[in-house]
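*Asks:* The structure follows.
Numbering (the working numbering), first residue to last: 8 to 666.
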């Protein structure tokens, strides 16, 4: 069902923006001036580096684990990290994680991946919001402009670099990102914010958290953001201004100390010059704790995604997912987790114009899975072996087996060494595998006979899943009280990579014939490298975080297919963050980023700054500058049917009130 665009004059839009900013800011300041004093801003003194490294993560094995002891390359962005960073979107926040490759494509689209194979639809990274997969099986990847989770309500973002398929299933190949939002019990009261600038022209939103009886909590929230046009390489406007809106609620019920029920839902609406769309979803989860080593969780969600893209297609996708997992102790040395799941996906694609290269199609997919994983304490508190296997069946490629084996060794309480071997698969998406779907990928070429031929890539129902065998090692150490080091290295071996097939067929036509090229499992390759993160706290009020990643990629196969898939990733990336509580009311964060060149994009070095000051104990003013070291720079190479622009220097101011 199409959405309707409305046009306003630039002058009227500017007037509305001014009224919005002034109105919300005035109301926020007025409310704040009448509130009792209560400090809301976290200090580094609240959590030492040791406490941060022992923070609990759940995405590696679907159970609580200490970050320091986890046998995987994991990073956690806390709510405080997000606030201090000045990021307005999840992709921007992910730039803080070593090994993550993030590039802005235009005002609304981002390319996000881990350990290679990046692009607008990076199809080897599984992204979850509270355990709900937002990876789309239509084209593979994530519509990031539809993921407008209010960052103030995010408890943490857990980032796994490397496979997570034994627990999360297909498409968790190069990494897993799980955005974990806060319980309604932890977001009581009111939060309002408003701001704007030259790139992020408008932002406003709020939430209210309340209580229903003794054991039930709720929150409702809504937010809005608008981005201005970004520049093309020639300095002209890309005419890609965008705005998005989101609203929803969350309900958390605690009938007893060991039981938790949650129900949440939200809706997102986005509109840009050449596209519009929406996403609605609802999720329910029941969790029961039987003992310190035993528990049960059941979760179900429904998700609908719709897009209307002038130069691509009009896709609609419905997903229903039901899963359960159970943890229990088996003797004193074995902790076992097992689970089952079912997913139904219904996709529909239609042309936006008669000449659109994406053909109409209706298709469904069902997936069943079962997994089991055992954590075996070979030597208690010293040596642990984790072995697991997920078996999935989908009605496209059949059975898929995704095992992993992980070993953790703790020579001392301040050191952890780990190693892992994993297998993961990426199943073909709808465009890859449907015979009824095809896409024109280039200008006409000269065929073997007279005349021109238009290249067309068509679906292939005989495709196999892409396969990764990953070999990883890591080392974490806290050599002294205020220093931590986290190192990970990897070697990834890929086979059956999906790209253009090796064979093609010329079909004569008037005035232009067709060069039919099927998708095929034509390539194989390797990536290898490592990441390191060093955290130092010179004082209790100052923290430095440095990150460095090194990666190389080799792709083998037909030359044309290799060029199409193997866009060279940045060999090196470097980040440095300085987060400083200047006083009890003021804090400053400075970020530096360096990214090596990729195909079609030169290297760039830039900086972001955020200065925040609590005007009262309830009201905070923050001033943010982004990409400050040049007027503009590109971060992604041009891609077919995608407007690729450059990232301009930006700034914005924001008022936040909590009461």
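Just so you know, even glycine gets a beta-carbon here, dropped at the ideal spot from N, CA and C.
Just to confirm my understanding: we take residue 482, look at its own chain, exclude 5 residues before and 5 after, and list those with CB closer than 6 angstroms. What are they?
*Replies:* For the purposes of this step, residue 482 is taken as the residue at position 475 of the chain shown. Cβ neighbours of residue 482 beyond the five flanking positions: 424, 494.
*Asks:* So, for residue 412: in the same chain, excluding its five sequence neighbours on each side, which residues have a beta-carbon less than 6 angstroms away from its beta-carbon?
*Replies:* For the purposes of this step, residue 412 is taken as residue 405 along the chain shown, with counting starting at 1. Within the same chain, residue 412 has close Cβ partners 394, 428.
*Asks:* How many Å lie between residue 502 and residue 473 at the Cα?
*Replies:* Taking the chain shown and counting its residues from 1, the one referred to as residue 502 is at position 495. Taking the chain shown and counting its residues from 1, the one referred to as residue 473 is at position 466. Going from the Cα of residue 502 to the Cα of residue 473 covers about 6 angstroms.
*Asks:* Where does residue 732 land, buried or exposed, given buried means 16+ other C-beta within 10 angstroms?
*Replies:* Because residue 732 is not part of the residues shown, which for the chain are 8 to 666, the question remains open.
*Asks:* CA-CA distance, residue 257 and residue 137?
*Replies:* By one-based count along the chain shown, residue 257 stands at place 250. By one-based count along the chain shown, residue 137 stands at place 130. Straight-line Cα distance between these residues: approximately 12 angstroms.
*Asks:* My guess is that residue 576 and residue 108 are in contact by the Cβ rule of under 8 angstroms, so how many angstroms apart are they, rounded?
*Replies:* Locating residue 576 in the chain shown gives position 569, counting from the first residue. Locating residue 108 in the chain shown gives position 101, counting from the first residue. Residue 576 to residue 108, Cβ: 6 angstroms. Contact.
*Asks:* Measuring only the C-alpha atoms, how far is residue 629 from residue 98?
*Replies:* In the chain shown, the residue the question calls residue 629 occupies position 622. In the chain shown, the residue the question calls residue 98 occupies position 91. Looking at the two C-alpha atoms, the distance is approximately 20 angstroms.
*Asks:* Within 10 angstroms of its Cβ, does residue 297 collect 16 or more other Cβ (buried), or is it exposed?
*Replies:* Sequence index remark: in the chain shown, residue 297 carries index 290 (1-based). Residue 297 comes out exposed.
*Asks:* What is the residue span of the beta strand (DSSP E) that residue 556 lies within?
*Replies:* Residue numbering aside, residue 556 sits at position 549 when the chain shown is read from its first letter. Per DSSP, residue 556 belongs to the beta strand (DSSP E) from 549-563.
*Asks:* Based on the DSSP secondary-structure assignment, which residues constitute the bridge partners of residue 672?
*Replies:* With the chain covering only 8 through 666, there is no way to say anything about residue 672.
*Asks:* Restricting to runs no shorter than 4 residues, where is the alpha helix (DSSP H) found entirely within the region 141-225?
*Replies:* With a minimum length of 4 residues, the continuous alpha helix (DSSP H) runs that stay inside the region 141-225 are 172-175.
*Asks:* Note down the Cα distance separating residue 635 from residue 233, rounded to an integer number of angstroms.
*Replies:* By 1-based counting over the chain shown, the position of residue 635 is 628. By 1-based counting over the chain shown, the position of residue 233 is 226. The straight-line gap from Cα to Cα measures roughly 21 angstroms.
*Asks:* Quick one: which unbroken alpha helix (DSSP H) runs of 4-plus residues sit fully inside the region 359-436? Chain order, please.
*Replies:* Fully enclosed alpha helix (DSSP H) runs of 4 or longer: not present.
*Asks:* Given 8 angstroms as the limit, tell me if residue 323 has its C-beta closer than that to any heavy atom belonging to the ligand ADP.
*Replies:* Summarising the ligand content, the structure contains no ligands, and the ligand ADP is consequently not present.
*Asks:* How many angstroms separate the CA atom of residue 582 from the CA atom of residue 633?
*Replies:* Here residue 582 is taken as the residue at index 575 of the chain shown, counted from 1. Here residue 633 is taken as the residue at index 626 of the chain shown, counted from 1. Each residue's alpha carbon lies about 14 angstroms from the other.
*Asks:* Can you tell me whether DSSP reads residue 240 as helix, strand or coil?
*Replies:* The sequence position of residue 240 within the chain shown is 233, counting from 1. In this structure, residue 240 counts as coil in the three-state DSSP scheme.
*Asks:* Is the region 91-106 in contact with the region 265-285, if contact means three or more CB pairs nearer than 8 angstroms?
*Replies:* Because the criterion of three Cβ pairs below 8 angstroms is not met, the region 91-106 and the region 265-285 do not touch.
*Asks:* Hey, how far is the Cα of residue 354 from the Cα of residue 147?
*Replies:* Here residue 354 corresponds to residue number 347 of the chain shown, with the count starting at 1. Here residue 147 corresponds to residue number 140 of the chain shown, with the count starting at 1. Looking at the two C-alpha atoms, the distance is approximately 13 angstroms.
*Asks:* Taking only the alpha-carbon atoms, compute the straight-line gap between residue 540 and residue 523 and give it to the nearest angstrom.
*Replies:* Working through the chain shown from its first residue, we reach residue 540 at position 533. Working through the chain shown from its first residue, we reach residue 523 at position 516. Their Cα atoms are separated by approximately 47 angstroms.
*Asks:* Would you kindly check if the distance between the Cβ of residue 153 and the Cβ of residue 251 is under 9 angstroms?
*Replies:* Walking along the chain shown from the start, residue 251 turns up at place 244. Walking along the chain shown from the start, residue 153 turns up at place 146. A contact, by the Cβ cut-off of 9 angstroms.
*Asks:* In the DSSP assignment, find the alpha helix (DSSP H) that holds residue 100 and state where it starts and stops.
*Replies:* Sequence index remark: in the chain shown, residue 100 carries index 93 (1-based). Residue 100 -> alpha helix (DSSP H) spans 97-101.
*Asks:* Assign residue 630 to one of three DSSP states: helix, strand, or coil.
*Replies:* For this step, residue 630 is matched to residue 623 along the chain shown. Residue state, collapsed to three classes: strand.
*Asks:* Where does residue 281 sit, in a helix, a strand or coil, going by DSSP?
*Replies:* Counting from one through the chain shown, the residue named residue 281 turns up at place 274. Three-state result, residue 281: coil.
*Asks:* On a CA-only basis, which of 118, 59, 144 is nearest residue 370? Give me that one, please.
*Replies:* Sequence index remark: in the chain shown, residue 370 carries index 363 (1-based). For the residues 118, 59, 144, the minimum Cα distance to residue 370 belongs to 144.
*Asks:* Can the beta-carbon of residue 527 be found less than 9 angstroms from the beta-carbon of residue 505?
*Replies:* Here the question's residue 527 lines up with position 520 in the chain shown. Here the question's residue 505 lines up with position 498 in the chain shown. Yes, Cβ-Cβ distance for residue 527 and residue 505 is below 9 angstroms.
*Asks:* Return helix, strand or coil for residue 44, following the three-state DSSP convention.
*Replies:* For this step, residue 44 is matched to residue 37 along the chain shown. Note on residue 44: pLDDT 36, under 50, position unreliable in the model; the coordinate value appears next. Of the three classes helix, strand and coil, the one that applies to residue 44 here is coil, per DSSP.
*Asks:* With DSSP as the reference, identify every bridge partner of residue 507, one or two as the case may be.
*Replies:* What you label residue 507 is simply residue 500 of the chain shown in a count that begins at 1. Answer by DSSP bridge pairing, in chain order: 526.
*Asks:* At the level of alpha carbons, what is the spacing between residue 110 and residue 261?
*Replies:* Translated into positions along the chain shown, residue 110 becomes position 103. Translated into positions along the chain shown, residue 261 becomes position 254. Answer to the nearest angstrom: the Cα atoms are 41 angstroms apart.
*Asks:* Classify residue 377 as buried or exposed, calling it buried when 16 or more other Cβ atoms lie within 10 Å of its own Cβ.
*Replies:* Numbered from its first residue, the chain shown carries residue 377 at position 370. It counts as exposed.
*Asks:* Specify, as a first and last residue, the run of the beta strand (DSSP E) that residue 137 falls within.
*Replies:* Counting from 1 along the chain shown, the entry for residue 137 is found at position 130. Neither: residue 137 is in no beta strand (DSSP E) and is coded neither H nor E.
*Asks:* In this structure, what does DSSP give as the bridge partners for residue 299?
*Replies:* Residue mapping note: residue 299 aligns to position 292 of the chain shown, counting from 1. The partner list for residue 299 (beta bridge, DSSP) is empty, contrary to what the question assumes.
*Asks:* Roughly how many whole angstroms lie between the Cα atoms of residue 605 and residue 372?
*Replies:* Here the question's residue 605 lines up with position 598 in the chain shown. Here the question's residue 372 lines up with position 365 in the chain shown. Using only the alpha carbons, I get a separation of about 36 angstroms.
*Asks:* Nearest by alpha-carbon distance to residue 347: which of 578, 338, 333 is it?
*Replies:* Position 340 of the chain shown, counting from 1, holds the residue named residue 347. Minimum Cα distance to residue 347 is reached at 333.
*Asks:* Can you tell me whether residue 6 is helix, strand or coil according to DSSP?
*Replies:* The shown model of the chain, from 8 to 666, leaves out residue 6, and the question about it has no answer.
*Asks:* Would you list the one or two residues that DSSP bridges to residue 615?
*Replies:* As a working note, residue 615 is residue 608 in the chain shown. 598.
*Asks:* Measuring straight from C-alpha to C-alpha, what distance separates residue 67 and residue 357?
*Replies:* Position 60 of the chain shown, counted from the start, is the residue given in the question as residue 67. Position 350 of the chain shown, counted from the start, is the residue given in the question as residue 357. Their backbone Cα atoms lie some 38 angstroms apart in a straight line.
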